[in-house]
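Take a look at the structure below.
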Amino acid sequence: MSKIWFGAVSLVALYGCSQTASFDSDVQIPENITFVEQSIAQPNKVSIPYSKFVLDNGLTLILSPDDSDPLVHVDVTYHVGSAREQVGKSGFAHFFEHMMFQGSEHVGDQEHFKIITEAGGTLNGTTNRDRTNYFETVPSNQLEKVLWLESDRMGFLIDAVSQKKFEIQRDTVKNERAQNYDNRPYGLMWERLGEALYPEGHPYSWQTIGYVEDLDRVDVNDLKAFFLRWYGPNNATLTIGGDIDVEQTLNWVNKYFGSIPTGPEVEKADKQPVELTKDRYITLEDRIKQPMVMIGWPTTYRGEESQAALDTLASVLGSGKNSVLYQELVKSEKVIDAGAFHQCAELSCSFYVYAMGDSGEQGDLSKIYGDLMSALVDFKDTGVEEDKLEQIIGQAESSAVFALQSVRGKVTQLASNETFYGQPDRIEIQLEQLKSVTPEAVMSAYNSFVDGKNKVTLSVVPKGQLDLVVKPANFVTPERTLPTYKKVKNSDLEYTKAKDSFDRTQMPPVGGAVKGIMPELYNVYLDNGIEILGSESRETPTVELQIMLPAGHRYVSKGKEGLANFTSEMMQEGTTERSIETIQAELDKLGSSISFGSGNYTTTISVSSLEKNLSQTLDIVEEMLFKPAFKQEDFDRIKKQSVEGLIYEHQKPAWLASQATRQILFGRSTFGRSNDGTLQSIESIQLDDVKAFYDSNYTPLGAQVVVVGDVSKETLIQNLSFMSDWQGSDAPILRPQIVKAKDTQHIYLIDKPKAPQSVVRLVRQGLPYDTVGEQYLSQLANFNLAGNFNSRINQNLREDKGYTYGASGYHASNREIGIIVFDAQVRADSTIPSIQELIKEMKQYSEGGMTSKELSFMRLAVGQQDALKYETPSQKARLLSNIINYSLDEDYVEQRNTVLSNVSRSKLNDVASKWFNPKDYQIIVVGDANTLKPQLEKLDIPLIELEISK
1 MSKIWFGAVS LVALYGCSQT ASFDSDVQIP ENITFVEQSI AQPNKVSIPY SKFVLDNGLT
61 LILSPDDSDP LVHVDVTYHV GSAREQVGKS GFAHFFEHMM FQGSEHVGDQ EHFKIITEAG
121 GTLNGTTNRD RTNYFETVPS NQLEKVLWLE SDRMGFLIDA VSQKKFEIQR DTVKNERAQN
181 YDNRPYGLMW ERLGEALYPE GHPYSWQTIG YVEDLDRVDV NDLKAFFLRW YGPNNATLTI
241 GGDIDVEQTL NWVNKYFGSI PTGPEVEKAD KQPVELTKDR YITLEDRIKQ PMVMIGWPTT
301 YRGEESQAAL DTLASVLGSG KNSVLYQELV KSEKVIDAGA FHQCAELSCS FYVYAMGDSG
361 EQGDLSKIYG DLMSALVDFK DTGVEEDKLE QIIGQAESSA VFALQSVRGK VTQLASNETF
421 YGQPDRIEIQ LEQLKSVTPE AVMSAYNSFV DGKNKVTLSV VPKGQLDLVV KPANFVTPER
481 TLPTYKKVKN SDLEYTKAKD SFDRTQMPPV GGAVKGIMPE LYNVYLDNGI EILGSESRET
541 PTVELQIMLP AGHRYVSKGK EGLANFTSEM MQEGTTERSI ETIQAELDKL GSSISFGSGN
601 YTTTISVSSL EKNLSQTLDI VEEMLFKPAF KQEDFDRIKK QSVEGLIYEH QKPAWLASQA
661 TRQILFGRST FGRSNDGTLQ SIESIQLDDV KAFYDSNYTP LGAQVVVVGD VSKETLIQNL
721 SFMSDWQGSD APILRPQIVK AKDTQHIYLI DKPKAPQSVV RLVRQGLPYD TVGEQYLSQL
781 ANFNLAGNFN SRINQNLRED KGYTYGASGY HASNREIGII VFDAQVRADS TIPSIQELIK
841 EMKQYSEGGM TSKELSFMRL AVGQQDALKY ETPSQKARLL SNIINYSLDE DYVEQRNTVL
901 SNVSRSKLND VASKWFNPKD YQIIVVGDAN TLKPQLEKLD IPLIELEISK
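Counting in the UniProt record's numbering, the sequence shown runs from 1 upward without gaps.
Laid out in structure tokens, this is it:
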């Protein structure tokens, strides 16, 4: 296998172009495929080896072999996004992303998801302004099947697209828009900014999701015409990476894609950067509590020579605790959040800065705007230091290496770069561009595009509080000028079908069996009781390390909820020897990251480092762990940010549903309270509480370490010598809590006034975590009810009824408790029918159980996933964390697979009967109480209007 650079050399020496070479003469290339170029791995360079071909029909093919894991990733990218749409027909590119999963001529309705899921793979599609891609990660023996699927929807989709499918997916897209835009705090912000930044008719003036009115005014023929215009092979790139046989793959691609006719000619879209003739002020009134100002300046377009300087400017101004805006606005407590970013797309780019005020007296955006602009003026006077650029380069070089840990990450880069630049591997080019940025170039970019230039300023304020805006709006989106709609007739849809010499109705057979390889593990026990579980991984010169301390939420006393989070935040505010700014600057130069985060039972110190910088990185971990500063001014600022963070989260319907679940199922017990705390509990926490929690819970007794990466056991132990010498108090003891399950069903209604969607949940207590017992069996039993895209509940509510963007059911468990949740965000007007359908599906499944066909599907889908489980160091680290946290056998995955292979349908149906009876579930609804309450009362289930603890 061609290996990526793993040499122990300075990353500063990584620049240069990938070497191209002639193709391996031992590989026979089909006559319909032309070899274009090959890039091979070079010592001392970060690169992705690949071979590039073009089929006679114009399809670009990129192959990147990598046999380190028995999996492949396939990506088909079409160079069409919302920018290719016509005025009045917005949202088509995204809409067609949905339609591409609805079956094609030789693949049945909903079968695409089912086939890939059954194969043990994952799949999805995404759409943005400039491209649409479809991708699958599967065990390597499934590659031919994936190529059959992708080629069938490229060449044989039109006749399978019906008006009925169109109408169902139109409802799904509307639900997606309602969930992600209309019913989400600040969700309409980008739509308003796009309308103000770009002139009417500019392809970026509307969002990828489109306008509902456009989707409502068209029919299926409009969508078919869009497909025929843009989805030809000559407008697509097929990229395949992973454990592949190159010659066999070329033959399969030629077989399945080679006969598809070339589509209409596609020319490169003209660049369309924009200029504003004056400052525009716009306003969005929203169901929020924290006002926010967002300022946008038009810049250039992707790939233009000033892009690297503008990207660097955004990092200097608004990325991390060393950034200008964090130091000037957040750390000084003028705002609760601030940042900057350069949003760059193929036709045009924009530069943004933003700041969010608090929910109290510091929410006046006119004052915040003044502080924000003043910070920019100060930046202009002081400029940017060379040292800051070195930090940015260190981060970028490290990120380039870490991005190569997964086949999907490599394939995604190759596909995107080929689509937009015609150069699949641009890592070295991008690093060189970044290295060439000077302080003068950054300031030149600032002066050219930001300083004194016309801009759009958006004020997002709570409804009815227009007094908080930066300035009264001088721009309101005008009525859209829509062309007269001309219906597309069937006779307008001219196309030629592919003619094959084989039978496409036959799904290809699966190749030889593949098996995920469990990483080899080693255990070390230090003299002070610390347990280390590790695994060597040599694929990239990186190390992932986690230090887990007995300092989770379960160790926090009643009334102090949020203390574990609070303490982990304070651990990241500098030491007695250095400020956090100095520490962060060093970490950035090393390309390392260190973060503290608290969970149910542990606080985890997560460390990512290049192998050559591990020792220096762990020196910083030692300093942060043993010498926290715990300054009062940092505590006061974090306390304020924590309160505002809670207020922000409490605006989300999903949070309201989650907190309702805790309160209903676990009452006054510790499990009934949010780990993030309440406004009251956060206000009660003092700095002495943080110090006491640190003293009691940051202890080596009970501490555990997980490490995966390019480091030997011996070297690791040497680097962790600071932990070997650590002495501390005994680990705290937990007192188990037993919570009685509710025996009477109720509907709990939480008011979200005028919400366009409702969150509907059915919840009950489940079992604590186990590996092969009843809790695991209940997960297997749920797979066909609500555990995958083709499950009964999702097919009913999303695909058949069009009530929701997605419906699912899941188990959440820890050492002590478990819950089972069936959940969907649905159109407000379908709230009651959605509840009825959930109850109906659960009742039928708990009484009738799964079919033999469903059992077979579940066994194949779950059983073949192992090939995808252990690819990256972070995936391996999660596996090791599971083993060490729950004291599992190292072969517990194999034990589960044995259970999966042998468990009977009758046994799983017994489990389903016990755990999925809808009468045992409490019903939670988050939505507009005024309209929903009278309807819910008709269900003849006792109704309680629930007040959520905040």
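All C-beta atoms, glycine included, are put in the ideal place defined by N, C-alpha and C.
Considering only C-alpha positions, which residue in the set G339, G232 and T312 is nearest to V293? G339
Please go through the same chain and pick out, in chain order, the residues whose beta-carbon is closer than 6 Å to the beta-carbon of L215, but skip the five residues on each side of it. G91 and R170
Could you check how far apart the C-beta atoms of D730 and L701 are, in whole angstroms? I think they sit under 8 Å. 5 Å
What does DSSP give as the partner residue(s) for Y352 in the beta ladder? G296 and F341
Selection from D889, D891 and G802 that minimises the alpha carbon distance to A178: G802
Short check: CB of I33 to CB of L63, under 8 Å? no
For A912 versus Y845, is the C-beta spacing smaller than 8 Å? yes
Best match in K331, T312, R84 and R131 for proximity to K640 [C-alpha to C-alpha]: K331
Pairs of beta-carbons, one from the segment 575–594 and one from the segment 611–619, closer than 8 Å: are there three or more? yes
Limits of the unbroken alpha helix (DSSP H) element including G370: L365 to T382
How long is the line joining the alpha carbons of Y886 and L679, rounded to whole angstroms? 32 Å
Express the C-alpha separation of F101 and I260 in angstroms, rounding to a whole number. 19 Å
Integer Cβ distance of D710 from E633, believed to fall under 8 Å: Contact flag wrong, Cβ pair sits at about 40 Å.
Sheet register partners of I819 (DSSP bridge): Q765 and A812
Report back the beta-carbon spacing between G81 and T127 to the nearest angstrom; my notes put them in contact at under 8 Å. 6 Å
I209 vs Y181 beta-carbon contact at 8 Å: yes
Among L228, R192 and I40, which has the Cα closest to the Cα of Y78? L228
Are there 16 or more other CB atoms within 10 angstroms of the CB of S721, so buried, or fewer, so exposed? exposed
Distance between R905 and T851 (C-alpha atoms, nearest Å): 8 Å
Taking the alpha helix (DSSP H) that F693 belongs to, which residues open and close that run? L687 to N697
Keeping to the same chain, check which residues put their C-beta closer than 6 Å to that of R662; ignore five residues upstream and five downstream. G672
Which residues mark the beginning and the end of the beta strand (DSSP E) in which S593 is found? S593 to S598
Taking all protein chains shown into account, decide if V607 is buried (16 or more other Cβ within 10 angstroms of its Cβ) or exposed. buried
With 16 other CB atoms within 10 Å as the buried threshold, where does E386 fall? exposed
If I819 and V763 are in contact, beta carbons under 8 Å, what's the gap, nearest whole angstrom? 6 Å
Going by beta carbon distance, what residues of the same chain come within less than 8 Å of T542, once the five residues before and after it are set aside? V401, F402, Q405, S608, S609, L610, E611, G709, D710 and P873
Do you know how far the Cα of V407 is from the Cα of K388? 32 Å
C-beta atoms of E623 and E577 nearer than 8 Å: yes
If I follow the unbroken alpha helix (DSSP H) through D619, where does it start and stop? L614 to F626
According to the Cβ coordinates, are L749 and V925 closer than 8 Å? yes
So who's on the other strand from R280, going by DSSP bridges? V456
What number of angstroms, rounded off, separates the C-alpha of G363 from the C-alpha of Q290? 7 Å
For A807, which beta-bridge partners are listed by DSSP? A824
Where residue 1024 and P753 are concerned, what is the direct C-alpha to C-alpha distance, given to the nearest angstrom? Residue numbering for the chain in the displayed model covers 1 to 950; residue 1024 lies beyond these limits and cannot be assessed.
Hey, quick one: how far does the beta strand (DSSP E) through N523 stretch, first residue to last? Y522 to Y525
Hey, I642 and F566: beta-carbon distance below 8 Å or not? Just to set this straight, residue 642 is Ser in the shown sequence, not Ile. Taking 8 Å as the Cβ cut-off, S642 and F566 qualify as a contacting pair.
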